[in-house]
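The structure appears right after this line, and notes come after that.
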Amino acid sequence: MAATLGELLDKAASAQEPQITSKIAIGQGGVDPLGLRQINFGLMDRVFPDLNNVARHIRPYVVMAWAWRRVRRILERDKKKGALDSELRDFVDRIEAIYAWSQFLVHPDADLPGAVAMRKLFDVKSYVFGGEEWERRRDMRRYSTGLISPLNYGPSLQTMGWIVRADEGKGVFWAPPELDPVLDAFERKIEGELDHPAFSRFGTVKVKREDAERWGKLWSMKKPLAVERRAMFDRLGGPLAPSARQRGIALALAGVKDLGEQERDLDTIRARMSDPAEAWEDSDAFLLVAADWRAVQVRQVFRLALEALFFWIVERLGDGPMHSAPLADEFLGELGKSRLPKSAGVWLLSRPVSKNPVEVLSTIQGALRSRRGLASAIVVGLSQTLQEAPAEALEFESFDRLPLARARKEAEQWRDLAPREFLVRVVETWIMAQHTYWCVNRGLADARGRGKTILRLRIVMDEGGWTQTPGTTLGNPPEATPDRLDTAISLLEECGRL
35 MAATLGELLD KAASAQEPQI TSKIAIGQGG VDPLGLRQIN FGLMDRVFPD LNNVARHIRP
95 YVVMAWAWRR VRRILERDKK KGALDSELRD FVDRIEAIYA WSQFLVHPDA DLPGAVAMRK
155 LFDVKSYVFG GEEWERRRDM RRYSTGLISP LNYGPSLQTM GWIVRADEGK GVFWAPPELD
215 PVLDAFERKI EGELDHPAFS RFGTVKVKRE DAERWGKLWS MKKPLAVERR AMFDRLGGPL
275 APSARQRGIA LALAGVKDLG EQERDLDTIR ARMSDPAEAW EDSDAFLLVA ADWRAVQVRQ
335 VFRLALEALF FWIVERLGDG PMHSAPLADE FLGELGKSRL PKSAGVWLLS RPVSKNPVEV
395 LSTIQGALRS RRGLASAIVV GLSQTLQEAP AEALEFESFD RLPLARARKE AEQWRDLAPR
455 EFLVRVVETW IMAQHTYWCV NRGLADARGR GKTILRLRIV MDEGGWTQTP GTTLGNPPEA
515 TPDRLDTAIS LLEECGRL
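If you read the sequence shown in this note's numbering, its first letter stands for residue 35, the second for the next number, and so on.
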C-alpha cells in the first residue's frame, strides 16, 4: 500500500542523512513547452475554419457519407427497427477500415491516416470484422487513426455538411438528402459489389484481401468524380461554406493566380497571401482576410522564435547550470562582434523589418535545421513580430498564452534597458516563467482528468542557476505549426480549381 503524504513528510522530517532515491519512472514529453500554440489555431480559424492538416482528400468524405446512407438503406430494406446504435456504428467503422485497408493495398503511399496501425492487415489473406481483435482495432481507429476520428476527417465531416447527427441515436449520423446525387454516382462505381456481406449486413463478416484490393481500385481516392468535386468545392469555398472560409479560399486562389507561371510551391503561395491588403488589385475585397492571414504568419514567427530560444537554452544547459545573465551574454556573443545599440528600443523595436513574415519564418526554420545563425534569426523574428503586434489582444488570445499585444506592451516597458538586460527579462518572463506555468498547468489538468503521466518540465532553478531536469534530452528542433494551407490547396487541386 502506498504511503500517505503525512507519512512521507514524517519520514523526511526524521531523516538524519541524505538518501539515494530511485530513478524517476515518468517519461519526458510535451509538444507545446511554452503554451503558445493555441493562439495559432484561433487565428487559423479566422481564415480556414473547420479544416485541419490531415483531411486533404475528397473521396474519404464521400465514402463516410455513403456509409451512413447505406446504414439507413439496410434498415429500410430489412424493416429493422430494433437495430442497436452500436450495430450501426460498427457497420460504418467496418466500411471505414475496409476503405483505408483497400487504399493502402493499391496505393502503398496513400496520404491517409492510420498507415502504421493498418500494417498488420497488409499481408493477411483475409480479415474477420468481428470479435475481440476487431473491436480493439475499431475502437482505436474510432478515436485516433481512423477517418472518422476527431483527429482526422471526423469534425469536418459534420461541419462541412457531409453527415448530420441523427436525433434517434447517440453517435449515429445520416447523409443529408441533398447529397443523394453525389452518393448515387459514387455507388454506381461499386454497385456490382453491394451484395457482399461487408456492404449488406450488420454483424461479423469476413473479407478477403483480394476483395479489398479489387474494391481499392473501384473507389480509389485518386479519382474523384466531377459531381464529387463540385460538391466538395461548394462546401469548401463555395456557397455552402462559412463566409470566413469563402474569403480564405478566395485569397488562396488569388495568390496562385497572381503567381501565374512562376514556381508555385506552398511557401511561395503562403508568402504571396501574406502580403499587405494594398498589394492586391482588389484590395477592398481582401482587406480583412489578408490581414488575418498575415496575423497567422506573424504569430507563427513569434511562437517559433521563442521556442527556438527555449531550444537554444536547453542545449546550453547541457554543459551545466547557468543564470540568466550569463545565458544572455552567450546569446549576444553569438550575434558577432558588431556593436549593439545602447537601448533595446533601438535594438529590437526600431530596426528595419522584412516586408513579409514568411521570409522571416523561413530564416528561423533554416537556422534551426542547420544550427547556424540561430541567435541572429531569433532576434530578427522578435523584432519583426513585436513591431507588427496589434494594440489589443483578440478575444481568444488569453493573457497566459502570451498574445503579441501583451508581449509588445512588456517590450515597450523594457525598451530603455540595455540589450543584455532586455534579454534577461525575455529569458525569465517569456521563457522560464511561461514554461514553468504551462508545464504545471498541463500536469495538473492531466492529473485531474487521469490523463498522460509525463514530465513536461525541462528546465528548473537550482543553486547554480537554471538547469535541465534529470533525463532531459535536446530532442528535435521546434517546427512551425501547419497552417492548413496544404489542406486547402490539396482539396482545391482535387476540385479542379487549380
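For glycine and all other residues, C-beta sits at the position ideal for the given N, C-alpha and C.
Remember, predicted model here, so these are calculated numbers, not experimental data.
Quick check: what's the CA-CA separation for residue i versus residue j?
{"i": "Arg435", "j": "Leu70", "result": "5 Å"}
{"i": "Met174", "j": "Phe82", "result": "28 Å"}
{"i": "Gly477", "j": "Arg490", "result": "8 Å"}
{"i": "Val126", "j": "Phe456", "result": "57 Å"}
{"i": "Leu293", "j": "Val323", "result": "18 Å"}
{"i": "Leu68", "j": "Trp472", "result": "6 Å"}
{"i": "Tyr161", "j": "Ala232", "result": "11 Å"}
{"i": "Ile92", "j": "Ala246", "result": "20 Å"}
{"i": "Pro516", "j": "Asn87", "result": "7 Å"}
{"i": "Glu167", "j": "Ala445", "result": "57 Å"}
{"i": "Ser11", "j": "Leu343", "result": "Because the chain is modelled from 35 through 532, residue 11 falls outside the range shown and cannot be assessed."}
{"i": "Asp301", "j": "Pro360", "result": "37 Å"}
{"i": "Trp448", "j": "Lys376", "result": "13 Å"}
{"i": "Ile347", "j": "Pro355", "result": "10 Å"}
{"i": "Leu508", "j": "Asp229", "result": "56 Å"}
{"i": "Gly40", "j": "Glu51", "result": "20 Å"}
{"i": "Trp249", "j": "Trp135", "result": "10 Å"}
{"i": "Thr506", "j": "Asp496", "result": "15 Å"}
{"i": "Val414", "j": "Val394", "result": "7 Å"}
{"i": "Ile108", "j": "Val241", "result": "19 Å"}
{"i": "Arg492", "j": "His469", "result": "8 Å"}
{"i": "Pro386", "j": "Leu420", "result": "12 Å"}
{"i": "Ser432", "j": "Asp145", "result": "35 Å"}
{"i": "Trp208", "j": "Asp124", "result": "14 Å"}
{"i": "Gly226", "j": "Leu287", "result": "39 Å"}
{"i": "Arg235", "j": "Arg153", "result": "26 Å"}
{"i": "Val392", "j": "Arg405", "result": "19 Å"}
{"i": "Glu513", "j": "Glu110", "result": "51 Å"}
{"i": "Arg90", "j": "Ala117", "result": "33 Å"}
{"i": "Glu295", "j": "Ala305", "result": "16 Å"}
{"i": "Gly367", "j": "Ala260", "result": "60 Å"}
{"i": "Gly530", "j": "Asp299", "result": "17 Å"}
{"i": "Glu364", "j": "Ser396", "result": "24 Å"}
{"i": "Lys548", "j": "Gln418", "result": "A query on residue 548 cannot be resolved here, the shown segment of the chain reaching from 35 to 532 and no further."}
{"i": "Trp314", "j": "Leu369", "result": "37 Å"}
Comparing alpha-carbon positions, which option in the options lies nearest residue i?
{"i": "Lys11", "options": "Met194, Asp309 and Val97", "result": "Summary: the structure shown does not reach residue 11, with the chain confined to residues 35 through 532, and so no result is reported for it."}
{"i": "Asp218", "options": "Val198, Ala49, Pro189 and Glu262", "result": "Glu262"}
{"i": "Ala99", "options": "Phe220, Leu139, Pro184 and Glu41", "result": "Phe220"}
{"i": "Asn510", "options": "Ser178, His141 and Phe345", "result": "Phe345"}
{"i": "Pro184", "options": "Glu169, His141 and Asp84", "result": "Asp84"}
{"i": "Leu374", "options": "Phe156, Ala200, Pro453 and Asn186", "result": "Pro453"}
{"i": "Ser120", "options": "Asn186, Val206, Ala144 and Phe138", "result": "Val206"}
{"i": "Arg170", "options": "Arg199, Ala131 and Gly188", "result": "Ala131"}
{"i": "Thr179", "options": "Ser358, Val150 and Leu43", "result": "Val150"}
{"i": "Ile303", "options": "Leu519, Val330 and Arg531", "result": "Leu519"}
{"i": "Arg103", "options": "Pro391, Pro94, Leu213 and Asp201", "result": "Leu213"}
{"i": "Ala101", "options": "Gly148, Phe138 and Val198", "result": "Val198"}
{"i": "Val335", "options": "Leu416, Pro147 and Gly499", "result": "Leu416"}
Which residues bound the alpha helix (DSSP H) around residue i?
{"i": "Trp327", "result": "Ser317 to Arg350"}
{"i": "Gly379", "result": "Ala378 to Leu382"}
{"i": "Lys291", "result": "Ser277 to Leu293"}
{"i": "Ala445", "result": "Leu438 to Gln447"}
{"i": "Arg170", "result": "Glu166 to Met174"}
{"i": "Lys223", "result": "Asp214 to Lys223"}
{"i": "Trp135", "result": "Asp119 to Val140"}
{"i": "Ser178", "result": "Careful: Ser178 lies outside any alpha helix (DSSP H) and carries neither H nor E."}
{"i": "Met307", "result": "Leu300 to Met307"}
{"i": "Phe267", "result": "Ala260 to Leu270"}
{"i": "Gln192", "result": "Gly188 to Thr193"}
{"i": "Ile465", "result": "It is not in any alpha helix (DSSP H) - Ile465 carries neither H nor E in the DSSP assignment."}
{"i": "Phe233", "result": "Pro231 to Ser234"}
{"i": "Arg459", "result": "Pro453 to Arg459"}
{"i": "Thr506", "result": "It is not in any alpha helix (DSSP H) - Thr506 carries neither H nor E in the DSSP assignment."}
{"i": "Asp526", "result": "Here the sequence assigns Leu to residue 526, which means Asp is not the residue at that position. From DSSP, the alpha helix (DSSP H) with Leu526 extends over Leu519 to Glu528."}
Looking at the secondary structure, which residues open and close the beta strand (DSSP E) in which residue i lies?
{"i": "Ile493", "result": "Ile493 to Asp496"}
{"i": "Phe163", "result": "Ser160 to Phe163"}
{"i": "Lys242", "result": "Val239 to Lys242"}
{"i": "Val501", "result": "First, the residue type needs correcting, since residue 501 is Thr and not Val in the sequence shown. Per DSSP, Thr501 belongs to the beta strand (DSSP E) from Gly499 to Gln502."}
Looking at the strands, I want to know which residues DSSP matches up with residue i.
{"i": "Arg199", "result": "Phe207"}
{"i": "Met356", "result": "Trp500"}
So that I know if they touch, is there some Cβ in chain B lying closer than 8 Å to that of residue i?
{"i": "Ala522", "result": "Protein chain content of the structure displayed is limited to a single chain, and chain B is not contained in it."}
(message) Extract the residue ranges of the alpha helix (DSSP H) inside the region 37 to 99, only unbroken runs of 4 or more that lie entirely within it.
(response) 39 to 48 and 71 to 78
(request) Go through the region 405 to 433 residue by residue and report every complete run of the alpha helix (DSSP H) that reaches 4 residues or more, in order. (result) 408 to 422
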